[in-house]
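Engineer: Next up is a structure, given as structure tokens.
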Amino acid sequence: MNTSKYLPVTLTVLSLSAVCGTAMAENYPKEMEEDLISVCRNAAEDDRMGLRKAVKDFAPTTKITQKAYRVLANGLVCNGMGLTAFARYHGATETYNVLKQYTYPNVIIEIKEMTISRAVPEDITVAMSPGK
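Mapped onto mature numbering (1 follows the signal peptide of the UniProt record, and there is no 0), the consecutive letters of the sequence shown carry residue numbers -25 to -1, 1 to 107.
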């Protein structure tokens, strides 16, 4: 993916989604939706390197990558769950630990005991929730 081509569109959609909520989900460019699904899938599959690559597709420089992680961790909704909760739900401890660093402090996610791992669904739907 040519990041210089999609970065302005990505940042615009992510910014507007904070204002417009999930109503814009149907208007994402197909490539962006596939990238968002890739972020969800890598988070659920506990693939830290895959998650890193998927986030870097949105943010080609390290200064922007930190912000992209924060926006995705707090705004991306995967199958009705926030990205961090989605990773936790599927028992993805590695990616969960990465994402919880970027989750806003007022969002409390805690793992007391990990005994179950769920299969990652084939179909993943995505939406962006309003930022806080």
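Glycine included, every Cβ here is placed at the ideal spot set by N, Cα and C.
#1: Name the residue from 6, 7, 18 whose alpha carbon lies nearest to the alpha carbon of residue 71.
#2: Taking the CB atoms as reference points, tell me whether residue 95 and residue 51 lie closer together than 8 angstroms.
#3: Where does residue 98 land, buried or exposed, given buried means 16+ other C-beta within 10 angstroms?
#4: Among all the DSSP beta bridges, which residues are the ones paired with residue 57?
#5: Cutting at 7 angstroms between CB atoms, please list the residues of its own chain near residue 31, excluding the five before and the five after it.
Structural biologist: Working from what's here:
#1: 18
#2: no
#3: exposed
#4: 52
#5: 40
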